[in-house]
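If you read the protein sequences in the order shown, they are chains A and B. Residues 1060 to 1239 (my numbering) are what the first sequence spells out, left to right. Residues 1060 to 1239 (my numbering) are what the second sequence spells out, left to right. Just so it is clear, CB atoms sit at the ideal spot from N, CA and C, and this is done for glycine as well. Quick caveat, the model's predicted, so the values are computed rather than measured.
Protein chains: 2
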Amino acid sequence: MKTSEVSKFYYFFPQTVAVIGVDTNVMPAAWHTPISAQPPLYGVLVSPKRYTYSLLNRKHGFTVNFLEHSKAPLIARIGSTSGRDTEKLKECNIKAAPADRVSGVILLDSYAAYECEKFAMHEYGDHFLVVGKIVLIYYNEGIINHQGIVNENIVSPMLYFGKDRYITIDPDTLAVHKRE
Amino acid sequence: MKTSEVSKFYYFFPQTVAVIGVDTNVMPAAWHTPISAQPPLYGVLVSPKRYTYSLLNRKHGFTVNFLEHSKAPLIARIGSTSGRDTEKLKECNIKAAPADRVSGVILLDSYAAYECEKFAMHEYGDHFLVVGKIVLIYYNEGIINHQGIVNENIVSPMLYFGKDRYITIDPDTLAVHKRE
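Following this line, the structure appears as C-alpha cells:
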C-alpha cells in the first residue's frame, strides 16, 4: 500500500516512554531521542501548548526518567492531567526527589534517569525540540549486565505503542549480531 | 546509583531501527524520532563522518524504512560497511525500489516506510539532526488493526538494544490504559 494521506504516520511505534521533569511538574513523552555522544545530548519534543513548554522556557534544565512497563497506568494518569491545574506529583502519589543540579525531579520508580542542562531549543513544525546536556545519571544497581548495559531479564522497559497502548520486550528474542 | 560519568548514557534503549535511504545508499539508525504532527515531520541523527551525511547535504530528501526483528542480521551487515566503498544494496542483496518523490530507496522487506523531503538540518554536538517532511507512506496491507495502527500480533518490530543486541516486543504484554 502507498498513500499520500500522511497525517497519521503511526508506523514508528513502539517507543520508550520518557517522563520529563521540570520544576515540580512531570510529563510523559514518547517523542525523544539521543542527539549526540560527545557532548552527551538528549532531545525531547514538546508542544508549545503544554505547561511543560512554558516551564522549559523559564528553567535551565530538566530530567528524563525511564520507567518499567508495570508503571504504565501511572503514566496514563500523569498524561491525563496538566500541571497548570494540579500538583501532579501529589495528585498521582508519585514518589520523587529533587534533582541535584537542575530544576526537576527524579522519580523514585524509575530504573534510570538523567539530569540535563538546557543546551538548545528549536521549533520544528508544531513542536519544539528541547536538547539537554546530560550532567548526571541515575540507575538502579543490578539492572545492568557485565557490559554495562540494561539487562533484558531484569528490566521490562515501558514502550508506548500508540493509541493508549503500552507494551514491553520479550527477553527470549534477544539476538546479538556483531558488526564485522 | 548516581554518577557524573556521563559518557555512556546507555539507558534509553530499546529503540526501533530506522533504515535511512539516500540516493542508492542505506544506513541503519537507532537515533530517530517523530518531530511534528502537522506538518508531519520525522527526524534522524546522522554523524558528519557518515557517507549518508554527505549524500544528505547534496540531495533533497530521504526515506525511512522500518523492518521486522527477523531482519536484524541484514541490518548488522548494512551497518558494517560504508557506501563510500561498496554498493550496499547489491553487496548485501537488498531488494529495493526507487522512491517516487525523493532520491532514495524503499526496502521491499520493510513493513512500513516514509518518503521525506528535506525540511531542516541542524548541528547539535557531534551529530546533525536531519528533519524530513513526510510526503508519502508505504505499509504492508494486513499489518494494521481496526484502529489503523500496527497490530502487535502481526508485526515484530526490530528494536536495537545497544552493543549489537536486537530484541522485539512481547505481544502478550500489550495493555491499554486510556487517558481520562
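Under a Cβ-count criterion, where at least 16 other Cβ atoms within 10 Å of its own Cβ denotes burial, should residue i be classed as buried or exposed?
i       : result
A:Q1097 : exposed
B:S1169 : buried
B:G1102 : buried
A:K1067 : exposed
B:T1062 : exposed
B:T1145 : exposed
A:N1124 : buried
B:H1205 : exposed
A:E1174 : buried
B:M1060 : exposed
B:R1224 : buried
B:V1085 : buried
A:G1207 : exposed
B:V1235 : exposed
B:L1167 : exposed
Can you pull the chain A residues whose beta carbon is under 9 Å from the beta carbon of residue i, in chain order?
i       : result
B:L1195 : K1061, T1062, S1063, V1065
B:F1121 : Chain A residues near B:F1121: none, gap ~15 Å exceeds 9 Å.
B:A1156 : Ordered by position in chain A, no residue passes the 9 Å Cβ test against B:A1156, which lies about 11 Å from the chain.
Which whole-angstrom value is the C-beta distance of residue i and residue j, which I expect to be below 8 Å?
i       : j       : result
B:M1217 : B:V1081 : That pair is no contact at about 20 Å.
A:I1137 : A:K1147 : 6 Å
B:G1184 : A:L1115 : Wrong, their Cβ atoms sit about 19 Å apart, outside the cutoff.
A:E1176 : A:V1164 : The pair is not a contact, with the Cβ atoms about 16 Å apart (cut-off 8 Å).
Using DSSP with H/G/I as helix, E/B as strand and the rest coil, what is residue i?
i       : result
B:R1238 : coil
A:E1150 : helix
A:I1213 : coil
B:I1137 : helix
A:Y1069 : coil
B:R1224 : strand
A:Y1170 : coil
A:A1088 : strand
B:D1231 : strand
A:L1218 : strand
A:S1106 : coil
A:K1100 : Sequence inspection shows Leu at residue 1100 of chain A; the Lys mentioned does not correspond to that position. If DSSP states are grouped into helix, strand and coil, A:L1100 belongs with the strands.
B:S1063 : coil
A:H1119 : coil
A:S1162 : coil
A:T1111 : helix
A:H1205 : coil
Run through chain A and tell me which residues come within less than 8 Å of residue i, C-beta to C-beta.
i       : result
B:D1168 : Going along chain A, no residue has its Cβ under 8 Å from B:D1168, so there is no contact; the nearest lies around 14 Å.
B:S1095 : L1104, Y1183, G1184, D1185, H1186
B:A1179 : Y1183
Can you name, in chain order, every residue of its own chain whose Cβ lies under 7 Å from the Cβ of residue i, other than the five neighbours on each side?
i       : result
A:Y1069 : G1221
A:P1107 : F1187
A:K1118 : V1081, D1082, S1162
A:T1226 : Checking the sequence shown, residue 1226 of chain A turns out to be Ile, not Thr. P1073, L1218, F1220.
A:L1127 : Sequence inspection shows Glu at residue 1127 of chain A; the Leu mentioned does not correspond to that position. The residues are Y1170, V1214, S1215, P1216, M1217.
A:P1230 : E1211, N1212
With a CB to CB cut of under 6 Å and the five nearest residues on each side skipped, what residues in its chain are close to residue i?
i       : result
A:C1151 : R1136, I1137
B:V1190 : I1094, L1100, G1102, F1178, A1179
B:Y1110 : S1141, G1142, R1143
A:Q1074 : A1089, Y1219
A:L1233 : E1211
A:H1181 : L1188
Would you mind telling me which residues of chain B sit closer than 7 Å to residue i, beta carbon to beta carbon, in chain order?
i       : result
A:V1085 : Residues of chain B passing the Cβ test: none, with the nearest at roughly 15 Å.
A:E1200 : M1060
A:V1190 : Y1183
A:T1092 : W1090, H1091, T1092, L1104
A:P1036 : Any question about residue 1036 of chain A goes unanswered here, given that chain A covers just 1060 to 1239.
A:G1099 : Residue identity check: residue 1099 of chain A is Pro in the sequence provided, not Gly. Chain B residues near A:P1099: V1065, S1066, F1068.
What does residue i touch in chain B if you count any residue whose Cβ is under 8 Å from its own?
i       : result
A:D1223 : V1235, H1236, K1237, R1238
A:Y1069 : G1207, I1208, V1209
A:I1226 : E1211, I1228, D1229, P1230, T1232, L1233, A1234
In chain order, what residues of the same chain have a beta carbon less than 8 Å from the beta carbon of residue i, not counting five sequence neighbours either side?
i       : result
B:I1202 : Y1170, A1171, V1209, N1210, I1213, V1214
Which chain A residues are close to residue i, counting only those with a beta carbon under 7 Å from its beta carbon?
i       : result
B:A1171 : Y1070
B:A1131 : A1234, H1236
B:G1163 : Per Cβ cutoff of 7 Å: no residues; B:G1163 is ~14 Å from chain A at best.
Residue i touches chain B at which residues, Cβ-Cβ below 9 Å?
i       : result
A:L1115 : In chain order: nothing, as chain B lies at least about 16 Å away.
Could you tell me if the beta carbon of residue i falls within a distance shorter than 8 Å of some heavy atom in the ligand MG?
i       : result
B:K1149 : This structure lacks the ligand MG, and indeed carries no ligand of any kind.
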